[in-house]
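J.:
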Amino acid sequence: GAGVSQSPRYKVAKRGQDVALRCDPISGHVSLFWYQQALGQGPEFLTYFQNEAQLDKSGLPSDRFFAERPEGSVSTLKIQRTQQEDSAVYLCASSLARVGDWRTEAFFGQGTRLTVV
Amino acid sequence: QKEVEQDPGPLSVPEGAIVSLNCTYSNSAFQYFMWYRQYSRKGPELLMYTYSSGNKEDGRFTAQVDKSSKYISLFIRDSQPSDSATYLCAMKTSYDKVIFGPGTSLSVIP
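Chains P and D, in that order, are what the protein sequence lines are.
By my numbering, the letter at position 62 of the first sequence is numbered 62, and the numbering carries on one by one without gaps.
Each position in the second sequence, counted from 1, maps to that position plus 1000 in my numbering.
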């Protein structure tokens, strides 16, 4: 596709429910990032993949958060037993660059707005 | 203290004004500095990307980096209503993990 695609655009979950958020990066992009953006805040880093390898998951807030990219393209962010504080926009970004290549431009998707009620 | 600080605004200016947006940071390891623009309910889009101290100009936009003061700026000349958005400063070390500021909301009034 022309850009990074995320689905669903909006998700309402009851507290305690599990959710799965999908990211389709730009074809051929090696790097993939997940960010969490709370209302009125900048994006906060969650995790980073280079192809299928998850190289950094230091931003995942708890063990309820899990991300995978099994074939090095589509990625899924899963949140188990959702809590109200998980309500945020989840942004996915992809880039051509590998680790250490500073000429990165990361292209962002429109995000999935998660509301936990 | 957060790694990147930015005045959240909101900032409201008349059309044609010069806009100055600023960020300070604490991590001296940051080497690459970016400005993103984010329209409501959209993902951030890259505006400017600079390395080390100095100025970079692109059309109506000028980015400045002062690493000695840990201070970066974005200037927008001849501001337009279409510039109304949230502006996020962002930075990183040599690794791809990008750290964002909280964003400044800008409104350009016709």
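For each residue, glycine too, the CB sits at the ideal point set by N, CA and C.
Keep in mind the model is a prediction, meaning the values are calculated, not measured.
Quick check on the DSSP output: the beta strand (DSSP E) that includes P:Y90 runs from which residue to which?
T.: It spans A88 to S95 - the beta strand (DSSP E) in which P:Y90 sits, taken as one unbroken run.
J.: Where in the region 1013-1037 of chain D do unbroken runs of the beta strand (DSSP E), each at least 3 residues long, occur, reported from the N-terminal end onward?
T.: Those beta strand (DSSP E) runs which fall completely within the region 1013-1037 of chain D and span 3+ residues are 1019-1025.
J.: Would you tell me roughly how many angstroms separate the C-alpha atoms of D:R1077 and D:K1042, rounded to the nearest one?
T.: Each residue's alpha carbon lies about 24 Å from the other.
J.: Please state whether the Cβ-Cβ distance between P:F65 and P:L96 is less than 9 Å.
T.: Contact flag unset, no.
J.: If we define contact as Cβ-Cβ less than 9 Å, is D:L1011 a contact residue for chain P?
T.: Output row for D:L1011: interface = no.
J.: Less than 9 Å between CB atoms is the rule here; does P:E52 satisfy it with respect to chain D?
T.: No, P:E52 does not count as interfacial toward chain D.
J.: Does the region 1018-1033 of chain D come close enough to the region 51-63 of chain P that 3 or more CB-CB pairs lie under 8 Å?
T.: Result no; under three Cβ-Cβ pairs closer than 8 Å.
J.: Comparing the C-beta of P:V12 with each C-beta of chain D, is any distance below 9 Å?
T.: Taking Cβ atoms only, chain D never reaches closer than 9 Å to P:V12, which makes this a no.
J.: Taking the alpha-carbon positions, what's the D:V1098 to P:L32 distance?
T.: Computed Cα separation, rounded: 12 Å.
J.: To the nearest angstrom, how far is the alpha carbon of D:M1091 from that of D:S1053?
T.: Distance between the alpha carbons of D:M1091 and D:S1053 is about 13 Å.
J.: For P:S62 versus P:E68, is the C-beta distance shorter than 9 Å?
T.: No, the pair does not count as a contact, with Cβ atoms beyond the cut-off.
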